[in-house]
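What follows is one structure encoded as C-alpha cells, with my remarks underneath.
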Amino acid sequence: MFRCGQETDPESGGKGDFMTDKNNTQSAGNAAQHELSQSELDALVASSDTGVRGTTGAVGKFIMLVALFWSLFQLWFASPIPFVIGFGVFNDTEARSIHLAFAIFLAFAAFPADRTKFQLGLGMAVPLILAALFMMSSKDGTAVWWIPLVALAISGAVYLGSYRDRIPPWEWAMAAVGAMAALYLYFFYRDISSRVGAPITQDFVVAVIGILLLLEATRRSLGAALMIVASVFLAYTVLGPYMPSIIAHKGNNLSEIVNHQWITTEGVFGIALGVSTSFVFLFVLFGSLLDRAGAGNYFIQVAFSLMGHMRGGPAKAAVVSSAMTGLISGSSIANVVTTGTFTIPLMKKVGFSAEKAGAVEVASSVNGQIMPPVMGAAAFLMVEYVGIPYFDVVKHAFLPAVISYIALVYIVHLEALKAGMEGLPRAYTPKPIVQRLIGIAFTIAAICAVSFAVYYGMGWLRPAFPVAAPYLVFVLITAAYVALVRIASKEAPLELDDPNAAVTKLPLPGPTVRSGLHYILPVVVLVWALMVDRLSPGLSAFWATSYMVFILLTQRPLMAFFRANSEIGSALREGWNDLIDGLVVGARNMIGIGIATATAGIIVGTVSQTGVGSSLADVVEVLSGGNILAILFLTAILSLILGMGLPTTANYIVVSALLAPVIVTLGQQNGLLVPLIAVHLFVFYFGIMADVTPPVGLASFAAAAVSGGDPIKTGVVAFFYSLRTAALPFLFIFNTELLLINVTWLQGIFVFCVATVAMLLFAAATQGWFLARNRIHETVILLLVAFTLFRPGFFMDMIFPPYLETDPAEITEAAGDTASGESLRVRVAGVNDLGDPIEFVALVPIGEGATGEEKLSNAGLTFRQDGDKMFIDDVAFGSAASSAGLDWDQQVLRVLKPVDVPSKYWMFIPALLLLASVVMMQRRRSPRIVSTAA
C-alpha cells in the first residue's frame, strides 16, 4: 500500500531512499545477492515501514510512548464514547491537525536522514529555493525578512547530519516545531475561521515553516521523489505566468498559497489527510493487532497444509497466504518479508529458481493491495473522490482482485508443469475423491447455514431488543470466541517452522485450521459491519479493532486455562505486552502514510488552485490525438513513472487528481461513457504495478533480499507474472460488467465464470504454456479468445452497430422508442466551464411517459428549433438531464438511437471453437499425454 523505502548506511549513520537513490539501489542489489538473516530482514521492513531508529534505550521508550499515544488518540477519535460523555469531541479539522502532528514528530524521530551527496544536496536546496519563490510571490508590504532565516535553519539542520542510534538536538527541534506547526489549526481553529482568506503574519510564519518541515519529513520517511514532485508543484503555483502557454496561469501570491495549502482544508489538511485520519489508521492498526495475535502465521500454515501437496505447492500456498494476509495488510514490502521468509525457501526447495520464487511472492504480495476489504488507503480515498459508499467500492473491486489471484495460482501451476515439479509430501493418506467432494460440500453448506442463521438472527434480535441488542451481540460473539479458543487449545500451538530445515511432511490440515479459527472472528466483525450493517469504514474498523484488543488481552489466558496451565498471570502479562506492541507498531506503520497523504495534499491543492487539471486535459488531448486508448496508455505510463518514487497512496492521489477527470471527459467526447470508479481503479492498479516494475520495484528488491536472487531479474519475472493485473484495468474500462456495474446476481456469477476462464487463457498465452509449450500462432489465438471472452461486444458492435445515428429532429421519436429506465445517447456541442468549445456524448436517463415528448420533459429537457439546427432550450435544475452534463443552448448534433441487435454473447461460439482447435493441437504434444501413450 505504501512505500517508505529507506535503507541506512551504517557507516555514515544516515538513511536514504532505498529505491530512488542510485547508491542505495546498488547497495540493495548487492545485498540481495545473498539471503539476508532474519534480523537483516526485520531491519529492511523497519527502514521501509516503521523507521529504523528508536527501538531501544530512553529514546526508544519515548518514541514508543508517542506512538502509543497516537494509537490511543485515534481509537478515542473513532469511538462513540466522546459523544456519549460529552467530552473530548474533535471535529475533522482538529483531528487532522493532531494526526499530522504525530506523523511529523515521529518522522523526524524514527527516520534518520541520508547523507549521500544527492540527498544532502536536495535536503539543503529545496528549502532555499522555495524560500526564494515565496519571497518573490509576496505582496508589496508583506514582511518576508524572516523567510530566508527559516530556510537557512532547516538547511543547516540537514547539513549537520543525522545518526542512526541517537537523535541530535537539531532533529528534536525540527520534530517539535513541525508538530507545533501542524497543531496550529487545532489551537487557533476559531481565530482562523474568522479570517479565512486574510492570513496574518503569524499564519504566514507557521505555514511556511510547516510546509518546509513537511517536505523534509517526506524526504526522510518516503524518499526524494515525493518531495521533488510536491516542490515542483509549489514552484508551478508561483511561476504560472512564466510557463508555456498551454499550462500557464496567472500565478498565486504567498497569501493565497498560505491560505490554500496550510490554513484551510484545500491543501495539506485536505481530503487525503482526512481519510488517513478517519479511516486508514484504524485499518492499519487492526492489521497490526491481528498479526501480533498470530493471524499472519496462521494464514501461512493453513495455506501450506491445504495446498503444499500440489504441483508447485509452496508457490500456490504463497499466493493464497498472501491473499489472506492482504485482507488485513496493504504493505507490499511487509507482506513480502512476512510470508516470503517462509514461502520462498520452500519454493526453491521444490524446484523454483531464486528469481521465480521471489517473483511469485512479489506478484502475490503486491496484489494484496487490490484485495478488499482493506485495499490500502486508496479504497477510502475513492469513497471521498468518487462520492460512493465504501460498500460499492468493495463490490466493484472484488471481482478483478479475485480473478487476478486465481490467475496467479494458475501461472504457478503452469510454471510447475513446465519444470515437471511435484508438491511436498502429504502428512496423511487422502480419502477418495468422492468422499472429499462430499466433505467440501458439507463444509460449504454448514458455512451457509451459519451465515443465514446469523443474518436472520441479527435481523430478529435488533427489533426485539432495541436497547440491549449491542450487548447481546457482544455476548454471543464472545461465546463463539471462547468456544473457538477451546477448540484451538486442544491442538498443538502453531510455531513458525524453519523453512530451511528439511521438509519431511506437511502439517495436517484439520488440526492446523482448528488451531486459529478465532482469528477469523474479528475479520467477520469487520466485514459484517462494512458490508451488512453498512456502517462507516471508520466505525467498522473501530469495532473490529476494539474486538482485537479484547482478543489480545484474553487469548493467552484462555489458552492457559483450557490447557490447565498454571501460568495464567504470565499469560496475562504476555497478552498485555502483545497489545502494547501491536498499538506501537500500528502507529509506526502509519508514519509514512500520514506524511504521504499530507504531502500529496500539496499537489491536490495546487491542482485546485491553479486549474492545471484543465490545462493538462489539453496537453493529454494533443499527445493522444483524442484517442481514448492512447489516453489510457499515457495514464498507465505516468502512473508507473510516478510509482517508481512515490508511495502507492500518493501516486493514486496525484494521478487521479490530474488525469481521472481528463479520461472521463475525453472518453465522453469520444462516445465512451466511463464510470468514474472504473477510472480511479485503473489509476490505482497501475500505481501498485510500480512496486513490481524494474528498475526500482521495492517489493522485488525485498523478495530478492529474501531469496538471494538477482533483484532486477526478479522484477522482470514478477512483471510478466503481473501482466494479468496490468490487463484488467484496460478491460474493465471497456467492459464495466467486470466491476459488477448494472448487473444482477446471476449476471455477476456468469461474468465471474467467463472472466476467470478468459484470464486463465490470457495467463497461458503470456506464460507460453497451455497444455504444452505454445507456438506463436497458438499464443495469438489464446490472446484473441481471451479478449473475445472479456469483451464480446467489441466484435459484435463491428458487425451489428448497437446505435443508429439519426437527425436531431428525431429525438422525440427516439425517446418514445426508448423503454423507461433505459438511457438515450445524444451527441451535443457546447462550451465547457472555461468557455472553450467541446463536443461530447451524453447519456440521458429516460423516465416514465406516454409519449417521447413527455419522457423528455420528465427528464428535464425542452428544445427549440433554429432552422435546421436543434438546440436545448432549457434544462431543469437537479434533473436527470442536468446530471448527464446537458445545459441550455447546447446544440444537438446527433441522436444515437438504440437498435435491436443479436446478443453479444454469440461471439463466444467462434471463440470457443478457436480454443478447441488449440486444445486439439496441443493435446498431441502434451507431455502427460505423450508419456501415458508411451
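One gets the numbering used here by counting positions in the sequence shown from 1 and adding 176 to each. Glycine included, every Cβ here is placed at the ideal spot set by N, Cα and C.
Assumed close pair H436, G427 - CB separation to whole angstroms, cut-off 8 Å: Going by Cβ atoms, the distance from H436 to G427 rounds to 13 Å, so no, they are not a contact pair.
Alpha helix (DSSP H) segment containing Y979, residue limits: Segment 979-982 is the beta strand (DSSP E) holding Y979; no alpha helix (DSSP H) there.
Sufficient close CB pairs (3 or more, under 8 Å) joining the stretch 736-746 to the stretch 374-385: no
Cβ neighbour criterion (16 or more within 10 Å) applied to A629: exposed
Contact test: V434 Cβ vs the ligand MN heavy atom, cutoff 6 Å: Among the components of this structure there are no ligands whatsoever, and the ligand MN is therefore not found.
Identity of the residues DSSP links to L1000 by a beta bridge: V1020
Assumed close pair G599, R487 - CB separation to whole angstroms, cut-off 8 Å: 6 Å
Distance, S832 Cα to G777 Cα: 12 Å
Per-residue DSSP class, three states only, for L1072: strand
contact_flag[the stretch 475-490, the stretch 515-530] where n(CB pairs < 8 Å) is 3 or more: yes
Spatially closest choice to A301 from S407, F266, L693, K237, by CA coordinates: S407
Segment contact, 8 Å Cβ cut-off, at least three pairs: the stretch 252-264 with the stretch 318-333: no
From D1009, I839, F1084, residue whose alpha carbon lies closest to that of G1061: D1009
Where K198 falls: helix, strand or coil (DSSP): Note that K198 scores 35 on pLDDT, short of 50, meaning its location in the model is unreliable and no value can be drawn from it.
8 Å CB neighbourhood of V725 in its chain, flanking five on each side removed: L465, L755
Reduced DSSP category for F1039 - H, G, I as helix; E, B as strand; rest coil: strand
Cβ-based burial, G1054 [other Cβ within 10 Å; buried from 16]: exposed
C-alpha gap between I582 and S273, whole angstroms: 42 Å
Simplified DSSP assignment, three categories, for E1030: helix
Secondary structure of P1013, DSSP reduced to three states: strand
P669 versus V651, V649, R690, residue with shortest Cα-Cα distance: R690
Contact with chain B by I305, beta-carbon distance below 7 Å: Among the chains in the structure shown there is no chain B, since it carries only a single protein chain.
Continuous alpha helix (DSSP H) stretch holding I579: start and end: 566-595
Alpha-carbon to alpha-carbon, F528 and L1091: 29 Å
Through-space distance from S712 to F364, alpha-carbon basis: 29 Å
Integer-rounded CB distance, given that F938 should sit under 8 Å from L915: Not quite, the Cβ-Cβ distance comes to about 18 Å (not below 8 Å), so this is no contact.
Pick from A499, A812, Y647, Q943 that is closest to V1128, judged by C-alpha positions: This structure leaves residue 1128 out entirely; the chain is present only between 177 and 1110.
For D1050: DSSP bridge partner residues: T1038
Within the stretch 729-774, ranges of the alpha helix (DSSP H) (whole runs, at least 4 residues): 744-765
Close beta carbons around H856, own chain, < 7 Å, minus the five adjacent residues each side: M558, Y561, V562, S832, A836
For V761 and F457, the rounded distance between their alpha carbons: 12 Å
Contact check, A717 vs A772, beta carbons under 7 Å: no
Proximal residues to A806 (C-beta, below 8 Å), its chain only, five neighbours per side dropped: L799, S800
Cβ contact check for the stretch 886-899 and the stretch 537-551: 3 or more pairs under 8 Å: yes
Buried or exposed (CB count within 10 angstroms, at least 16 for buried), S815: buried
Contact set for D934: own chain, Cβ-Cβ below 7 Å, skip 5 residues either direction: It is Ala, not Asp, that sits at residue 934 in the sequence shown. So the qualifying residues of the chain are A962, L965, F966.
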